[in-house]
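> Submitted below is the structure of interest, expressed as structure tokens.
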Amino acid sequence: MSNKNEINLENKIMGRVISGEVKMKPRLYFILGSIMSFVGLVGLITGSVFFTNLTLFLIRKQGPGTGRLLLMLDSFPLWVPFLAVLLVILGSMVLKKYDFSYKRNFPVLVLTLLIAVLLSAKIIDSLGLNEIWSRRGPMKRFYTSDQQEVLGKQGPRYNRY
Numbered sequence: 001m002s003n004k005n006e007i008n009l010e011n012k013i014m015g016r017v018i019s020g021e022v023k024m025k026p027r028l029y030f031i032l033g034s035i036m037s038f039v040g041l042v043g044l045i046t047g048s049v050f051f052t053n054l055t056l057f058l059i060r061k062q063g064p065g066t067g068r069l070l071l072m073l074d075s076f077p078l079w080v081p082f083l084a085v086l087l088v089i090l091g092s093m094v095l096k097k098y099d100f101s102y103k104r105n106f107p108v109l110v111l112t113l114l115i116a117v118l119l120s121a122k123i124i125d126s127l128g129l130n131e132i133w134s135r136r137g138p139m140k141r142f143y144t145s146d147q148q149e150v151l152g153k154q155g156p157r158y159n160r161y
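Per the UniProt record's numbering, residue 1 is the first one in the sequence shown, and the count goes up by one each step.
See the structure below:
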């Protein structure tokens, strides 16, 4: 019975499309939305894992404190998470009318993403990649900035720390 209803619904929808009553969106909308969502999500996950990993490393190495937070914020490219969030939002807006995007349980996706980010950061920290990155390569600048230099850039308000 449900197969007959599906065929009937399909015929009704195709009849409206053929008559011009309903217009189909071009495939380009779906492709652009998918690309924006994917790039944004990859950027957001990568940035989150790196920032969480860097936080764990700095707390373990130097202890918690305001100066460490300022050091971290000064060395981290803040435009990356903003761009990633913007791309995820734009991609979601474009894709929200498509089949797969409204059938997902959003809180479960967010919780899964959060657990994956925290677990990835902990694994990177446990494997000792922080130690390698802090001594060489392009990542070195994120791990070895001079704290006084950072505090001096922030102005007199932060020098008391």
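Ideal Cβ placement from N, Cα and C applies to all residues, glycine included.
Just to confirm before moving on: does the CB-CB distance between residue 113 and residue 45 stay below 9 angstroms?
Translated into positions along the sequence shown, residue 113 becomes position 113. Translated into positions along the sequence shown, residue 45 becomes position 45. It is a contact, given that the beta carbons lie within the stated cut-off.
> Is the beta carbon of residue 57 closer than 9 angstroms to that of residue 126?
Here residue 126 is taken as the residue at index 126 of the sequence shown, counted from 1. Here residue 57 is taken as the residue at index 57 of the sequence shown, counted from 1. Not in contact: residue 126 and residue 57 (Cβ atoms no closer than 9 angstroms).
> Go through its chain and collect everything with a Cβ distance to residue 117's Cβ below 8 angstroms, but skip five positions before and after it.
On the sequence shown, position 117 is the one that residue 117 refers to. Counting only Cβ-Cβ distances below 8 angstroms, and skipping sequence neighbours, we find 45, 48, 49, 52.
> At the level of alpha carbons, what is the spacing between residue 22 and residue 14?
Position 22 of the sequence shown holds residue 22. Position 14 of the sequence shown holds residue 14. Going by the C-alpha atoms only, they are around 9 angstroms apart.
> Within 10 angstroms of its Cβ, does residue 115 collect 16 or more other Cβ (buried), or is it exposed?
Here the question's residue 115 lines up with position 115 in the sequence shown. Residue 115 comes out exposed.
> For the alpha helix (DSSP H) holding residue 131, just list the boundary residues, first then last.
Within the sequence shown, the letter at position 131 stands for residue 131. Unbroken alpha helix (DSSP H) run through residue 131: 129-135.
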